[in-house]
Amino acid sequence: MQDCPHYVRAELLGDKLARNLPDFKIHKIVKTTAEWPEWLCEICEANGWKHEQSPIIWRELVDRGGKGVLIGGSNEFEEYAYGYYGVTIDLDGKSMKIIAYENQTTKIELDEEERERIRNEKFIKVCITNASSPVCFSLVDSLLSGKYLAKRKFHCVFWTAIQHRQLNCNTSLKIYKTWLMDFCI
Numbered sequence: 001m002q003d004c005p006h007y008v009r010a011e012l013l014g015d016k017l018a019r020n021l022p023d024f025k026i027h028k029i030v031k032t033t034a035e036w037p038e039w040l041c042e043i044c045e046a047n048g049w050k051h052e053q054s055p056i057i058w059r060e061l062v063d064r065g066g067k068g069v070l071i072g073g074s075n076e077f078e079e080y081a082y083g084y085y086g087v088t089i090d091l092d093g094k095s096m097k098i099i100a101y102e103n104q105t106t107k108i109e110l111d112e113e114e115r116e117r118i119r120n121e122k123f124i125k126v127c128i129t130n131a132s133s134p135v136c137f138s139l140v141d142s143l144l145s146g147k148y149l150a151k152r153k154f155h156c157v158f159w160t161a162i163q164h165r166q167l168n169c170n171t172s173l174k175i176y177k178t179w180l181m182d183f184c185i
């Protein structure tokens, strides 16, 4: 959580390790207080972990996105860093709260900038009639392959004789084909 003092300690320790150890990489996932409980539940369920407080820290054995091994919270991460690398961090409670507040403010600003960027993004509009036709698969496949629209985002409207459906096609072809299969049945 961006406003958690314990997250601040873990973040600063992770940054220190990344600066001083060439093979140590850190990836931060910042969540708001509102997003945190659901995200924590999902990540723990997906990995078979039990953890209840902020932050949650794990290491990935190969590359980012690989199998994760739970380290724990801030205290466990500090023990891990000291035990493996002899690195500690000295930060008082008042400084942690100030930095936590700055993190919260920054997260709110970044989220608002992202929402504004998405609102201002230009999409090419594509309308496909008779979307239940088998030729629609080839047409959408060509559109998503980037052959015609390169890396531009587009908004598709699919029309059939019975109903009207919409889909933002900045998603993968596999997901789209699954959706279209459900749509055409």
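Under the UniProt record's numbering, the first residue of the sequence shown is numbered 1, with each subsequent residue one higher.
Virtual Cβ for every residue (Gly too), placed ideally from N, Cα, C.
Closest to LYS31 by C-alpha separation, out of ALA100, GLY14 and GLU78, would be which residue? Ranked by Cα distance from LYS31, the first of ALA100, GLY14 and GLU78 is ALA100.
Please name the residue, chosen from GLY14, SER138 and GLY66, that lies closest to PRO22 on a Cα-to-Cα basis. Ranked by Cα distance from PRO22, the options GLY14, SER138 and GLY66 are led by GLY14.
Apart from the five residues just before and just after HIS164, which ones in its own chain have a Cβ nearer than 8 Å to its Cβ? Low per-residue confidence applies at HIS164: pLDDT is 45, beneath 50, and the placement is therefore not dependable, though the value from the model is reported in the following sentence. The beta carbon of HIS164 sits closer than 8 Å to those of VAL157 and PHE158, all from its chain and outside the five residues before and after it, given in chain order.
Under 8 Å by Cβ, that's how I've got PHE123 and PHE77 pegged, so tell me the actual separation to the nearest angstrom. Taking a contact as a CB-CB distance under 8 Å, the pair PHE123 and PHE77 does not count as one, their CB atoms being some 42 Å apart.
Would HIS6 and SER74 be called neighbours here (beta carbons separated by less than 8 Å)? Contact: yes.
Please go through the stretch 38 to 91 and give each complete alpha helix (DSSP H) segment of 4 or more residues, from N-terminal end onward. If you keep only unbroken alpha helix (DSSP H) runs of at least 4 residues inside the stretch 38 to 91, you get 74 to 85.
Please name the residue, chosen from SER133, LEU139 and LEU144, that lies closest to THR160 on a Cα-to-Cα basis. By alpha-carbon distance to THR160, the top candidate from SER133, LEU139 and LEU144 is SER133.
For ASP3, tell me which candidate among ARG19, TYR82, MET96 and ILE89 has the shortest Cα-Cα distance. Among ARG19, TYR82, MET96 and ILE89, the Cα nearest to that of ASP3 is on MET96.
Sub-8 Å separation of LEU70 and TRP36 beta-carbons: For the pair LEU70 and TRP36, the CB atoms are not nearer than the 8 Å cut-off.
Can residue 194 and HIS51 be called in contact, C-beta distance under 8 Å? What the structure shows of the chain is the stretch from 1 to 185, and residue 194 is not part of that stretch, so it cannot be assessed.
Could you tell me the distance, in whole angstroms, from the CA atom of TYR80 to the CA atom of GLY68? Distance between the alpha carbons of TYR80 and GLY68: 15 Å.
Measure the Cβ-Cβ separation of LEU110 and ILE128 and say whether it is below 8 Å. No, they are not a contact pair.
Complete runs of the alpha helix (DSSP H) confined to the stretch 119 to 156 [at least 4 residues]: The qualifying runs are 135 to 145.
Apart from the five residues just before and just after ALA18, which ones in its own chain have a Cβ nearer than 6 Å to its Cβ? These residues qualify, in order along the chain: PHE24 and ILE26.
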